[in-house]
Structure formats: structure tokens, C-alpha cells
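To start, the structure itself, in C-alpha cells.
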Amino acid sequence: MSLALIIALISFIGWVYLAFFHDAFWQPLTFPLSPEPTTWPEVAIIVPARNETDSLPQTLPSWLAQDYKGVWRVILVDDHSTDGTAATARAIAKRLGREDRLEVIAAPDLPQGWLGKVAAMQAGVAASQSDYILFTDADIRHAPHSLSRLVARAVEMKLDLTSQMVRLRCVAVAEKLLIPAFVFFFGMLYPFRRANDANHDMAAAAGGTMLVRRKALQNAGGMAALRNALIDDCTLARAIKLAGGGADEQGLPVKGRIELTLATDTESLRPYPDIADVWDMVARTAFTQLRYSTAMLAGALCGLSLLFLVPPLLPVLSDSAGAGLWAMAAWLLMALIYVPMVMFYKQSPLWALTLPLAAAIYMAATFDSALRYWRGQGGLWKGRAQAS
16 MSLALIIALI SFIGWVYLAF FHDAFWQPLT FPLSPEPTTW PEVAIIVPAR
66 NETDSLPQTL PSWLAQDYKG VWRVILVDDH STDGTAATAR AIAKRLGRED
116 RLEVIAAPDL PQGWLGKVAA MQAGVAASQS DYILFTDADI RHAPHSLSRL
166 VARAVEMKLD LTSQMVRLRC VAVAEKLLIP AFVFFFGMLY PFRRANDANH
216 DMAAAAGGTM LVRRKALQNA GGMAALRNAL IDDCTLARAI KLAGGGADEQ
266 GLPVKGRIEL TLATDTESLR PYPDIADVWD MVARTAFTQL RYSTAMLAGA
316 LCGLSLLFLV PPLLPVLSDS AGAGLWAMAA WLLMALIYVP MVMFYKQSPL
366 WALTLPLAAA IYMAATFDSA LRYWRGQGGL WKGRAQAS
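Just add 15 to the spot in the sequence shown (first one is 1) and you have the working numbering.
Printed below as a string of C-alpha cells:
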């Protein structure tokens, strides 16, 4: 048996495992509608905003137009913006006649050991006393029923954290190539069904929409538990899940209940028109995900090459017919399980064949993430280098 054939078989077996034994990560998961609760808990929508004057005219009206029947308000935390973010927010609320729904506060000076965005989130938490907190981003546009459905789901399922990965913009060619792939890779790394399993330690969330029960946040140590976390959403999910919420009938500790799904009508308006835009998004946190480990980086790149690069390249580079056939079978299986995500983003199924190219770009961006960290430029966001 030739080396090429062995490599092709390993790649194919890897895709068989991912397709059938990895918690169906490739099937888009959304939550069903829940009945209205008997009473609607109080909610604070907390939005950390740093230099978001361009985004707010498109997103702030959606937050202020929520049809939620309980007590709620929006707390926008101006994170040391230099573009008039706070004034823009107040002007929009005044124009819409919704000043009573919006509170704009200034983030305090960055505390020692805290990252900027997390500190801004903490400022919003401290300014509220609500039963639930909805963390969202300044570039996220919510449907009018978004808050109502999130709370109804949280109450029905007794969730401590209800998170949705919002629909990312997918218009430009670069976005069509890379955005569905980004969500696919995220699900491969954090299978939603496994993260949602109360019996499993894995936890994940998406920062664009995170509805948190205040008591669960307090049990997890508050925002201080993630004060220096660059990947704040997944860190928060893990803290809440592991902190738990009491004990079961046998007196055993119960993990916190979390749920992560894909949103269908909440969307990010942030554009990624060029490959470089997506590249920067990935390079900001990829090496953090690998715990700044050179060994994990090497292992990840080798594993991803085996899964994503071998299938399209081996038939061209090897003169072994058997190796070529198994590699092509791996590519076909890869494309087949990628189709549902491509369709979720309303793109032609033919885009599924481009997943190896998308993977190659993400691999290069991951390596660049390590280079940035080694140069002291890790986690650069809004002018701040947050990991070095």
C-alpha cells in the first residue's frame, strides 16, 4: 500500500467521522418558537460600542423597536469612542421618540487586567438590575420579535444562557466563499448539539446575541470571570455551564443550561467585501483559540491539511489511481455535508466545492495570527492590541 493511498484513506475516514459521528455539526440548528411566559422578566440590552457612528443608524432603531411586553431598556456603553458614538445614539433615540428606552453611559478607564470590550460589558451590567441581560454588538440588527422569542425560549427551557449566531453578511464574492465556511468551521470546532448537552463540559456561545440570566452570571463569578478573555463569548458560556445552578434530586451538582443556535432573522451588517477583511477577523483570535501553543498550531495546520487540502490536491499530485479515487471520495463527502450550510446562507450548492480553498485561506490566517502574537500585535481590535 503506497503512502499516497494511506494518506487518502485517512482523509476519507476523517470525513466519515465528521459526517456521521461528530454530533451532526453540519446540520444548521435553529430553535423553535416557544409559548409566551406567564410573566415577562425585566431585561437590559447591553451594547458595548467603540467608534460605531456608521453602524448605529442601521442597528439602534431595531433595538428600540422591540415588541417585548415586559420591562426593558437599551444600555449603550460608549467605549472611549472618538467619532461621536454617544451623541449619535442619543440623536437617533430622540428622532424616534424613544429616549425613554435608551441609556448611554461612558465606559470607565480600563481597569488593570481587563480587556476593553469586556470592561464595557461589565459597565453595562453594573448599570442595570434586570433579571436577564442581552449582550449584543453595535453592528447587529434585530427583528422586532427578537427579544421576545429569546426570553420565551429561555423561560420555557430554563436556560441560563441563550445564544444565537447571527446571520453574517454574505453578498460579496469573498463573503460567499468564506462566511458559510466560517460558520461551518465554528460548528466543527464547537458542535452546537454537544455544547447544548447539559451532560457535556463543552460550552460555546456567539457574542452577537447572548441572553444571560443575571443569577447565573453571578454564580459564574460575574464578568470578572472573563475579564481578560479575548474570546469572551465562549469563555462566558463555559463559565456559566461549569458554575452550574444547584443540585439535582440526588444532590449532585447540575451544570448551567446553555443553548446555542443559528439565527434566521437577526443579522450582522458588518461587511467583509475582501478576503483581507475576513482574514483580519480570523487572525485576531485564532492563535488565542490554540492557547498560544506552537505545538497546537502545527498540529492544527497538519490536521486541516489532511482533511481539506489532500482531497483536491492528491488526485493531481499522485500517480496512484486508488489514492486519487479515495481522495475524490473524501472531497465529495466534504462537499455534501457542507451543502446545508451553503443553502442556509442562500447560495448555490456549487459553492460547496470551494470549501478546500476557503480552508486554505483560514489556515493561512491562523498562521498569521501566530505571527501577529509573536510580534506583539495579537488581538488587535479597534486600535487595541489585546494579546501579546
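Idealized CB from N, CA, C, for every residue including glycine.
Keep in mind that this is a model prediction, so the values were computed, not measured.
**Asked** Taking contact to mean at least 3 C-beta pairs separated by less than 8 angstroms, is the segment 213-230 in contact with the segment 62-81?
**Response** No, the segment 213-230 does not touch the segment 62-81.
**Prompt:** Under 7 angstroms between C-beta atoms, does alanine 141 make it to chain C?
**Reply:** Considering every chain present, this structure includes no chain C. It has just one protein chain.
**Item:** Under the three-state DSSP convention, the category glutamine 304 falls into
**Value:** Helix, per DSSP.
**Request:** For methionine 16, count neighbouring Cβ atoms within 10 angstroms of its own Cβ and tell me buried if that reaches 16, exposed if not.
**Result:** Burial call: exposed.
**Request:** Kindly list the residues whose CB is nearer than 6 angstroms to the CB of proline 330, restricted to its own chain and excluding five residues on each side of it in sequence; keep chain order.
**Result:** Excluding sequence positions up to five before and after proline 330, its CB lies within less than 6 angstroms of the CB of Gly339, Ala342 and Met343, all in the same chain and listed in chain order.
**Message:** At the level of alpha carbons, what is the spacing between valine 89 and valine 119?
**Reply:** Rounded to whole angstroms, valine 89 to valine 119 spans 8 angstroms at the Cα level.
**Request:** Would you check if there are 3 or more beta carbon pairs closer than 8 angstroms linking the segment 298-317 to the segment 373-392?
**Result:** Three or more beta-carbon pairs separated by less than 8 angstroms link the segment 298-317 to the segment 373-392, which places the two stretches in contact.
**Asked** Tell me which same chain residues have a C-beta within less than 6 angstroms of the C-beta of alanine 142, skipping the five on either side of it?
**Response** Excluding its 5 nearest sequence neighbours in each direction, alanine 142 has C-beta neighbours in its own chain below 6 angstroms: Ile90 and Ile120, listed in chain order.
**Message:** Applying the 10 Å Cβ sphere with the 16-neighbour rule, what's the burial state of isoleucine 107?
**Reply:** Within a 10 Å sphere around the beta-carbon of isoleucine 107 sit 16 or more other beta-carbons, which makes this residue buried.
**Prompt:** Is it the case that the CB of leucine 284 approaches a heavy atom of the ligand FMN more closely than 6 angstroms?
**Reply:** This structure lacks the ligand FMN; in fact it carries no ligand of any kind.
**Request:** Leaving aside the five residues before and after tryptophan 346 along the sequence, list all residues of the same chain whose C-beta is less than 6 angstroms from its C-beta, in chain order.
**Result:** The residues are Pro326 and Pro327.
**Prompt:** How about the segment 51-68 and the segment 157-166: do they share at least three Cβ pairs that are nearer than 8 angstroms?
**Reply:** Taking a cut-off of 8 angstroms on C-beta distances, the segment 51-68 touches the segment 157-166, as three or more cross pairs fall below it.
**Message:** I need the straight-line Cα distance from leucine 312 to isoleucine 25, nearest angstrom please.
**Reply:** Approximately 20 angstroms, taken between the alpha carbons.
**Prompt:** From the DSSP output, which residues share a beta bridge with tryptophan 87?
**Reply:** Per DSSP, Val58.
**Message:** Here's the rule I'm using: 16 or more other beta-carbon atoms within 10 Å means buried, otherwise exposed. How should isoleucine 148 be labelled?
**Reply:** The residue is buried, with at least 16 neighbouring Cβ atoms inside 10 Å.
**Request:** Report all residues from its chain with a CB closer than 6 angstroms to the CB of glutamate 274; omit the five preceding and five following residues, and keep chain order.
**Result:** Taking C-beta separations shorter than 6 angstroms and ignoring five residues to either side along the sequence, the partners of glutamate 274 in its chain run Leu174, Thr177 and Asn211, following chain order.
**Request:** Take asparagine 234 as the anchor and find which of Leu251, Gly222 and Met225 has the nearest alpha-carbon.
**Result:** Checking every option, the nearest Cα to that of asparagine 234 belongs to Leu251.
**Request:** Identify every residue that forms a DSSP beta bridge with isoleucine 290.
**Result:** Isoleucine 290 pairs with nothing; no bridge assigned.
**Request:** With DSSP collapsed to three states, give me the class of methionine 136.
**Result:** Methionine 136: helix per DSSP, three-state reduction.
**Request:** Find out if the Cβ-Cβ distance for the pair alanine 189, isoleucine 290 is shorter than 7 angstroms.
**Result:** Yes, Cβ-Cβ distance for alanine 189 and isoleucine 290 is below 7 angstroms.
**Beta bridge counterpart(s) of glutamate 118 as assigned by DSSP** = Partner(s): Ile90.
**Neighbourhood of histidine 215 by C-beta, 7 angstroms cutoff - its chain only, sequence neighbours within 5 removed** = For histidine 215, where only same-chain residues beyond five positions count, the Cβ hits under 7 angstroms are Arg209.
**Prompt:** For the candidate residues Tyr353, Arg113 and Thr369, whose alpha-carbon lies nearest to that of phenylalanine 201?
**Reply:** Comparing Cα positions, the closest option is Tyr353.
**Prompt:** For glycine 29, is the classification buried or exposed, using 16 other Cβ atoms within 10 angstroms of its Cβ as the cut-off for buried?
**Reply:** It is buried - the Cβ of glycine 29 has at least 16 other Cβ atoms within 10 Å.
**Asked** How would you write the range of the alpha helix (DSSP H) that valine 227 sits in, first residue to last?
**Response** For valine 227, no alpha helix (DSSP H) encloses it; the enclosing beta strand (DSSP E) starts and ends at 224-228.
**Item:** As assigned by DSSP and simplified to three states, the class of phenylalanine 280
**Value:** In the sequence under discussion, the amino acid at residue 280 is aspartate, which differs from the phenylalanine named in the question. Here aspartate 280 sits in strand by DSSP.
**Message:** Please report the straight-line C-alpha distance between methionine 203 and histidine 37, rounded to a whole angstrom.
**Reply:** Between methionine 203 and histidine 37, the C-alpha separation is close to 8 angstroms.
**Request:** Could you give the DSSP three-state label for phenylalanine 359: helix, strand or coil?
**Result:** Taken through DSSP and simplified to helix, strand or coil, phenylalanine 359 comes out as helix.
**Item:** Bounding residues of the beta strand (DSSP E) (the contiguous stretch that carries serine 77)
**Value:** Serine 77 -> not in any beta strand (DSSP E); alpha helix (DSSP H) instead, spanning 71-79.
**Prompt:** How many whole angstroms separate the CB atoms of glycine 223 and threonine 151, which I take to be in contact at a CB cut-off of 8 angstroms?
**Reply:** Cβ-Cβ separation between glycine 223 and threonine 151: approximately 6 angstroms, consistent with a contact (criterion under 8 angstroms).
**Message:** Beta-carbon within less than 6 angstroms of glutamate 282's beta-carbon, same chain only, minus the 5 sequence neighbours each way: which residues are those?
**Reply:** Here glutamate 282 has Arg156, Val181 and Arg182 as same chain residues with Cβ atoms under 6 angstroms from its own Cβ, once five neighbours each way along the sequence are excluded.
**Request:** List the residues that DSSP assigns as beta-bridge partners of threonine 381.
**Result:** As computed with DSSP, threonine 381 is found in no beta bridge at all.
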